[in-house]
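Here's the structure we're looking at; comments come further down.
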Amino acid sequence: MMLILYFSFSLQIKAKNYDKVEKLFQRCLMKVLHIDLWKCYLSYVRETKGKLPSYKEKMAQAYDFALDKIGMEIMSYQIWVDYINFLKGVEAVGSYAENQRITAVRRVYQRGCVNPMINIEQLWRDYNKYEEGINIHLAKKMIEDRSRDYMNARRVAKEYETVMKGLDRNAPSVPPQNTPQEAQQVDMWKKYIQWEKSNPLRTEDQTLITKRVMFAYEQCLLVLGHHPDIWYEAAQYLEQSSKLLAEKGDMNNAKLFSDEAANIYERAISTLLKKNMLLYFAYADYEESRMKYEKVHSIYNRLLAIEDIDPTLVYIQYMKFARRAEGIKSGRMIFKKAREDTRTRHHVYVTAALMEYYCSKDKSVAFKIFELGLKKYGDIPEYVLAYIDYLSHLNEDNNTRVLFERVLTSGSLPPEKSGEIWARFLAFESNIGDLASILKVEKRRFTAFKEEYEGKETALLVDRYKFMDLYPCSASELKALGYKDVSRAKLAAIIPDPVVAPSIVPVLKDEVDRKPEYPKPDTQQMIPFQPRHLAPPGLHPVPGGVFPVPPAAVVLMKLLPPPICFQGPFVQVDELMEIFRRCKIPNSK
Numbered sequence: 001m002m003l004i005l006y007f008s009f010s011l012q013i014k015a016k017n018y019d020k021v022e023k024l025f026q027r028c029l030m031k032v033l034h035i036d037l038w039k040c041y042l043s044y045v046r047e048t049k050g051k052l053p054s055y056k057e058k059m060a061q062a063y064d065f066a067l068d069k070i071g072m073e074i075m076s077y078q079i080w081v082d083y084i085n086f087l088k089g090v091e092a093v094g095s096y097a098e099n100q101r102i103t104a105v106r107r108v109y110q111r112g113c114v115n116p117m118i119n120i121e122q123l124w125r126d127y128n129k130y131e132e133g134i135n136i137h138l139a140k141k142m143i144e145d146r147s148r149d150y151m152n153a154r155r156v157a158k159e160y161e162t163v164m165k166g167l168d169r170n171a172p173s174v175p176p177q178n179t180p181q182e183a184q185q186v187d188m189w190k191k192y193i194q195w196e197k198s199n200p201l202r203t204e205d206q207t208l209i210t211k212r213v214m215f216a217y218e219q220c221l222l223v224l225g226h227h228p229d230i231w232y233e234a235a236q237y238l239e240q241s242s243k244l245l246a247e248k249g250d251m252n253n254a255k256l257f258s259d260e261a262a263n264i265y266e267r268a269i270s271t272l273l274k275k276n277m278l279l280y281f282a283y284a285d286y287e288e289s290r291m292k293y294e295k296v297h298s299i300y301n302r303l304l305a306i307e308d309i310d311p312t313l314v315y316i317q318y319m320k321f322a323r324r325a326e327g328i329k330s331g332r333m334i335f336k337k338a339r340e341d342t343r344t345r346h347h348v349y350v351t352a353a354l355m356e357y358y359c360s361k362d363k364s365v366a367f368k369i370f371e372l373g374l375k376k377y378g379d380i381p382e383y384v385l386a387y388i389d390y391l392s393h394l395n396e397d398n399n400t401r402v403l404f405e406r407v408l409t410s411g412s413l414p415p416e417k418s419g420e421i422w423a424r425f426l427a428f429e430s431n432i433g434d435l436a437s438i439l440k441v442e443k444r445r446f447t448a449f450k451e452e453y454e455g456k457e458t459a460l461l462v463d464r465y466k467f468m469d470l471y472p473c474s475a476s477e478l479k480a481l482g483y484k485d486v487s488r489a490k491l492a493a494i495i496p497d498p499v500v501a502p503s504i505v506p507v508l509k510d511e512v513d514r515k516p517e518y519p520k521p522d523t524q525q526m527i528p529f530q531p532r533h534l535a536p537p538g539l540h541p542v543p544g545g546v547f548p549v550p551p552a553a554v555v556l557m558k559l560l561p562p563p564i565c566f567q568g569p570f571v572q573v574d575e576l577m578e579i580f581r582r583c584k585i586p587n588s589k
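Below, the structure is given as structure tokens:
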């Protein structure tokens, strides 16, 4: 809205700033489909072009342009009426010019009367009067021909008004706040979009349906422009519409919508979501589906050029694309580029190694990549575990055991980070080793964490016998033993808590949750004493308890008008009673 105020200020106060205003319109008008902005644009054209010889043509073009872009707006009635009044006011000399004016006015009326909006009934009545004023005999047929479409539009207008009710269309576009109010607005916007997708006009014109749905998306993006899902869904809908039109043989509109889908992605990553990897990846996949590989390369390189991001995931997706589209050699080139980038992390080595193993079927190359990465990331347990998983997948017991020994004895991995490696080593020996090997690993593990495991030898025994989510003790017994599952604790730190935790599987909590559980108070009994959010006049925000009103008082309250009917003045009850007390009532004679 500040942009609109700036335009109004420039137009009304500083006439010399017209050039600047026009540049702002060129930059923002097509991106901001807000009714007030477009009304401001029409006022600007009317004021600046009014003295030109071609004013009538310029103004008519401006109205047509505005209605084409914003005419589906539920509040666009005034623009339709202004355009009609403008056409009616155009001077027409001669019968030919008069017929041209009548045709132009009729065309706008007929477009408007089938367009769902508020006050469509008034526009229809005005159209009836206009046709009757020209030729009462011809008017009946003209009106009958349009009556069915008008009734359909009027029905949809009522639904339109209902579905738009409650939407805060002037809210500022800010990054997701994850508040209940925001979630409610997002849900309402999506319901509006879904309503448009349901084809309420019941038309068979797929182009019209798509335009109305995209207008709904554009309105939504003015408020939820920082939500990547809205951009993605809009692009997806355009892509689906393009394919549908192509199947019907409408190749021109199919290509138009296909290009517009790419434009949606481009707008998103060029404005509010310049660092959103999700949209970059979706954009790249979309262009890949259109076989525009050079464009895909430019998209990934554009994202990698942003300095203050972690490019690891970008390189991973870039490698996958290069391998799919151009072969394994192209994927290797991207891996080389990733290694040279100091910002990348160990994940690119894992991706490259697995790509070689699965795609080129070359275990030796994958092994070399893992070894190369181990020199650089030997102190990162996640990388070591990925290497261990790879060797376990190959069923190379000796190489896996050697890797465990190298990592745990080289000193590159700090002891505090080696807990999960020891747990995996023990699980490895439990699966393929003998009892002596298992006991040996258990002893070495206890020595490495002697201070932490002192007095918890039984708890360590659990790791020898557990399998996946099966444990040799109940959840309460595990608590009593002080058992700590390293892998599960790490997983809990990464994955958000579920809404409902399963009660069948033993849930292993961290140290904080192991405190003794005491009986908790029944807070439900405190609800009557809960402070009121918006206390009405006469009620204290922190009451002494809200309890049922006595029956006699209920009868009296039903006889009285509701509190909202009384706006004041509010009487001081104590003073009023004091006046009554002092008042001397004369004796009746």
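Residue numbers (UniProt numbering): 1 to 589. Glycine included, C-beta positions come from ideal geometry on N, C-alpha and C.
DSSP places L272 in the coil class of the three-state scheme, outside both helix and strand.
8 Å or more divides the Cβ of K197 from the Cβ of V163. Considered as a whole, the stretch 117–171 harbours 120–134, 136–164 as its complete alpha helix (DSSP H) runs of no fewer than 4 residues, in chain order.
Using a Cβ distance threshold of 8 Å, Y387 and L372 do not count as a contacting pair.
Of L224, A459, Y358, K140, the smallest CA-CA separation from L478 is found for A459. In the three-state DSSP reduction, L470 falls in the strand class (E or B). A246: member of the alpha helix (DSSP H) spanning 228–248, first to last residue. At least 8 Å separates the beta-carbon of S289 from that of A261. If you draw a 10 Å sphere on the C-beta of C565, you find fewer than 16 other C-beta atoms in it, and that means exposed.
Between the C-alpha atoms of E144 and I102 there is a straight-line separation of about 18 Å. DSSP places D82 inside the alpha helix (DSSP H), whose first and last residues are 77–89. Annotated as proximal: L245 and F257, with beta-carbon spacing under 8 Å. Taking each of E247, P311, D250 in turn and checking the Cα distance to L278, the smallest one comes out for P311. Here the alpha carbon of E420 sits roughly 8 Å from the alpha carbon of P381.
For Y217, the closest alpha carbon among the candidates S412, A338, L33, T447 is that of L33. Burial state of M117 is buried, judged by a 10 Å Cβ sphere holding 16 or more other Cβ atoms. A distance below 8 Å separates the beta carbons of Y280 and L303.
8 Å or more divides the Cβ of N152 from the Cβ of L208. Restricting attention to L576, Y483, T203, the CA atom closest to the CA of R148 is found in T203.
Excluding the 5 residues flanking it on each side, V555 has no same chain C-beta neighbour closer than 6 Å. Out of Y293, L560, R444, D463, the CA that lies nearest to the CA of F321 is found in Y293. Rounded to whole angstroms, Y377 and S418 show a C-alpha spacing of 14 Å.
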